[in-house]
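Colleague:
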Amino acid sequence: MTAATTAATTHHADVPAAGSPLPALTGARFVAAFVIVAYHLVRFDRWDLPPALGRLAALGPVAVTFFFVLSGFVLMWACVDSEGRVPSGRRYAAARIARLLPVHALSLLLVAPVVVALWRRAHPGGGDFTLDVALPGLLVALNLQAWHPATALAWNPPAWSLSVEIAFSALFPLLAPRLAARPWRVAVGLAAALLVVVLVPGVVALAVARADFDVGPAAHSALVDAWRYHPVLRLPEFVAGMAAALALRAGVIAPPRLVVVASGVLGAVVALTMAAALPVVLVHNGLLAPAFAVIVLALATARGAVGRALSAAPLPLLGEASYALYLLHVPALYWIAGIAERRGHARVLDDPGHAAVAAVACVAFAVLAHVVFERPARRALRAALPTTLPTTLPTTLPTTLPTTLPTTLPTTQDTAPRA
Numbered sequence: 027m028t029a030a031t032t033a034a035t036t037h038h039a040d041v042p043a044a045g046s047p048l049p050a051l052t053g054a055r056f057v058a059a060f061v062i063v064a065y066h067l068v069r070f071d072r073w074d075l076p077p078a079l080g081r082l083a084a085l086g087p088v089a090v091t092f093f094f095v096l097s098g099f100v101l102m103w104a105c106v107d108s109e110g111r112v113p114s115g116r117r118y119a120a121a122r123i124a125r126l127l128p129v130h131a132l133s134l135l136l137v138a139p140v141v142v143a144l145w146r147r148a149h150p151g152g153g154d155f156t157l158d159v160a161l162p163g164l165l166v167a168l169n170l171q172a173w174h175p176a177t178a179l180a181w182n183p184p185a186w187s188l189s190v191e192i193a194f195s196a197l198f199p200l201l202a203p204r205l206a207a208r209p210w211r212v213a214v215g216l217a218a219a220l221l222v223v224v225l226v227p228g229v230v231a232l233a234v235a236r237a238d239f240d241v242g243p244a245a246h247s248a249l250v251d252a253w254r255y256h257p258v259l260r261l262p263e264f265v266a267g268m269a270a271a272l273a274l275r276a277g278v279i280a281p282p283r284l285v286v287v288a289s290g291v292l293g294a295v296v297a298l299t300m301a302a303a304l305p306v307v308l309v310h311n312g313l314l315a316p317a318f319a320v321i322v323l324a325l326a327t328a329r330g331a332v333g334r335a336l337s338a339a340p341l342p343l344l345g346e347a348s349y350a351l352y353l354l355h356v357p358a359l360y361w362i363a364g365i366a367e368r369r370g371h372a373r374v375l376d377d378p379g380h381a382a383v384a385a386v387a388c389v390a391f392a393v394l395a396h397v398v399f400e401r402p403a404r405r406a407l408r409a410a411l412p413t414t415l416p417t418t419l420p421t422t423l424p425t426t427l428p429t430t431l432p433t434t435l436p437t438t439q440d441t442a443p444r445a
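Sequential numbering of the sequence shown, starting at 27, is according to our numbering.
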């Protein structure tokens with residue numbers, strides 16, 4: 027056997043069977059979701075952080091880029107057969123509904139009383155309840171809030187990324203067969219082109235108007251919010267994940283040297299942001315998507331210490347519960363803060379120790395919700411809706427970004443919590 031043949035054999039032996047479980051990615055989902063929880067706690071609390079650490083904390087939302095890349099990867103990996111076909115539209119839609127909507131419905135039930143209470147506190151003399159609360163709530167319930175910057179973070183702020191994910195899920199059956207029918211490099215080229223289209227105008231805007239264009243982590247003009255949350259402008263991240271899955275299906279694995287480069291890019295971006303040399307808003311939208319795509323590809327074939335660590339208990343269970351953690355942690359923090367305030371402990375989460383306990387409580391609540399509610403609800407919906415997709419079809423959202431927890435009603439551009 028020649029050296030070339032040996033290398034080729036080793037190369038393909040590292041590629042898992044198409045559609046097979048990828049446990050390291052499941053564990054990575056929890057890590058990314060917990061980064062979002064920590065980000066929201068830092069933004070919510072009045073902690074006295076050094077400026078560099080504050081800018082580091084502001085990088086939490088880039089975990090959403092990881093989730094969007096992972097979403098495209100998992101859907102392409104799990105739903106497309108060897109001939110590039112996806113399930114029928116009805117079956118595919120039923121599977122996505124069963125996977126995504128139960129926890130979303132639970133989050134609305136938990137957050138609705140808080141939204142109403144905050145609105146009443148902010149408008150003691152009365153106000154337009156329909157415009158301030160009901161209409162934004164309807165958009166959130168229909169997962170349409172991300173299409174308008176003024177409502178992107180209404181009600182349950184992290185749900186903006188579910189709104190984006192629903193748009194991606196609707197586009198996937200149209201895009202996936204066309205990409206699967208072509209060499210994987212075509213998908214990579216498309217993802218790169220889309221990233222350029224999204225990022226270049228932002229770079230130009232920053233260069234031309236930096237003096238009067240607020241680009242910090244708390245910036246929330248209509249332009250910045252559309253840039254951050256609009257589904258069309260987040261599409262390149264999803265396509266990058268699809269391209270990575272097609273590469274893996276073609277037998278391509280991430281060389282160790284490329285993984286080192288991708289990790290170095292992540293480290294450099296973190297360092298530049300902490301040094302205030304790189305605007306957070308630029309990092310927010312897809313700048314790190316290529317690096318995350320390489321890391322996802324590497325984790326999908328992880329056989330060493332990293333793969334074993336991310337696959338070890340209890341990370342598989344925590345990873346399965348990461349979607350619930352993502353969507354439920356903000357409502358849970360609302361309730362924790364509200365109950366503490368009623369008992370005379372205002373701003374209880376300002377204390378880092380209390381915040382750490384709250385974070386652990388959010389994780390425990392998410393696991394409980396996943397086991398007691400999400401799994402049975404998914405089974406019930408699968409029984410009621412026609413689908414032949416695997417029962418383990420994952421969601422990769424633990425979709426967010428996110429945002430500052432509010433002290434007033436999060437339903438308008440002026441009062442909504444912002445990431």
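Positions of the beta carbon are idealized from the N, C-alpha and C atoms, including for glycine.
On a Cα-Cα basis, can you pick out the residue from I62, L51, A104 that is closest to A385?
Modeller: Residue 385 sits at position 359 when you count from the first residue of the sequence shown. Looking at the Cα atoms, I62 is the closest of the given residues.
Colleague: I need the boundaries of the alpha helix (DSSP H) containing E191, first residue and last residue.
Modeller: Residue mapping note: residue 191 aligns to position 165 of the sequence shown, counting from 1. Counting along the chain, the unbroken alpha helix (DSSP H) around E191 starts and ends at 186 to 206.
Colleague: If you reduce the DSSP assignment to three classes, tell me which class V383 lands in.
Modeller: Walking along the sequence shown from the start, residue 383 turns up at place 357. Three-state DSSP puts V383 in a helix.
Colleague: May I ask you to report which of helix, strand or coil DSSP gives R408?
Modeller: Residue 408 sits at position 382 when you count from the first residue of the sequence shown. Three-state DSSP puts R408 in a helix.
Colleague: Can you give me the Cβ contacts of A319 inside the same chain, cut-off strictly under 6 Å, excluding the 5 residues immediately before and after it?
Modeller: Position 293 of the sequence shown, counted from the first residue, corresponds to residue 319. So the qualifying residues of the chain are V95, A266, A270.
Colleague: Mapping DSSP to helix, strand and coil, what is T177?
Modeller: In the sequence shown, the residue the question calls residue 177 occupies position 151. Coil, per DSSP.
Colleague: Rounded to whole angstroms, what's the CA-CA distance from V383 to L375? Just pull it up for me.
Modeller: For the purposes of this step, residue 383 is taken as the residue at position 357 of the sequence shown. For the purposes of this step, residue 375 is taken as the residue at position 349 of the sequence shown. Each residue's alpha carbon lies about 9 Å from the other.
Colleague: In the structure shown, what three-state DSSP assignment does P402 receive?
Modeller: The residue you call residue 402 lines up with position 376 of the sequence shown. Helix at P402.
Colleague: Starting from the Cα of V258, find the closest Cα among H174, A366, A387 and give me that residue.
Modeller: Translated into the one-based positions of the sequence shown, residue 258 becomes position 232. With distances taken between Cα atoms, V258 lies closest to H174.
Colleague: Any idea if I321 is buried or exposed, counting beta-carbon neighbours within 10 angstroms, 16 or more meaning buried?
Modeller: Taking the sequence shown and counting its residues from 1, one reaches residue 321 at position 295. The residue in question, I321, is buried, as its Cβ has 16 or more Cβ neighbours within 10 Å.
Colleague: If you draw a straight line from the alpha carbon of S108 to that of R368, how long is it in whole angstroms?
Modeller: For the purposes of this step, residue 108 is taken as the residue at position 82 of the sequence shown. For the purposes of this step, residue 368 is taken as the residue at position 342 of the sequence shown. Between S108 and R368, the C-alpha separation is close to 57 Å.
Colleague: Mapping DSSP to helix, strand and coil, what is A84?
Modeller: Residue numbering aside, residue 84 sits at position 58 when the sequence shown is read from its first letter. Coil, per DSSP.
Colleague: Taking the alpha helix (DSSP H) that E263 falls in, what are its first and last residues?
Modeller: Translated into positions along the sequence shown, residue 263 becomes position 237. 257 to 275 is the span of the alpha helix (DSSP H), which, as asked, contains E263.
Colleague: What are the uninterrupted segments assigned as alpha helix (DSSP H) that are 4 or more residues long and contained completely in the stretch 330 to 394, given in chain order?
Modeller: 331 to 337, 341 to 346, 348 to 368
Colleague: Between the alpha carbons of G277 and F264, how many angstroms are there, rounded?
Modeller: Along the sequence shown, read from residue 1 onward, the residue named residue 277 stands at position 251. Along the sequence shown, read from residue 1 onward, the residue named residue 264 stands at position 238. Approximately 21 Å, taken between the alpha carbons.
Colleague: When we look at the beta-carbon of T177 and count the other beta-carbons within 10 Å, is it buried (16 or more) or exposed?
Modeller: Within the sequence shown, residue 177 is the residue found at index 151, counting from 1. It counts as buried.
Colleague: Straight-line CA distance for F239 to P87?
Modeller: The residue you call residue 239 lines up with position 213 of the sequence shown. The residue you call residue 87 lines up with position 61 of the sequence shown. Residue placement at F239 is flagged as unreliable, the pLDDT there being 49, under the threshold of 50; the coordinate-derived value follows with that caveat. Spanning the two alpha carbons is a distance of roughly 20 Å.
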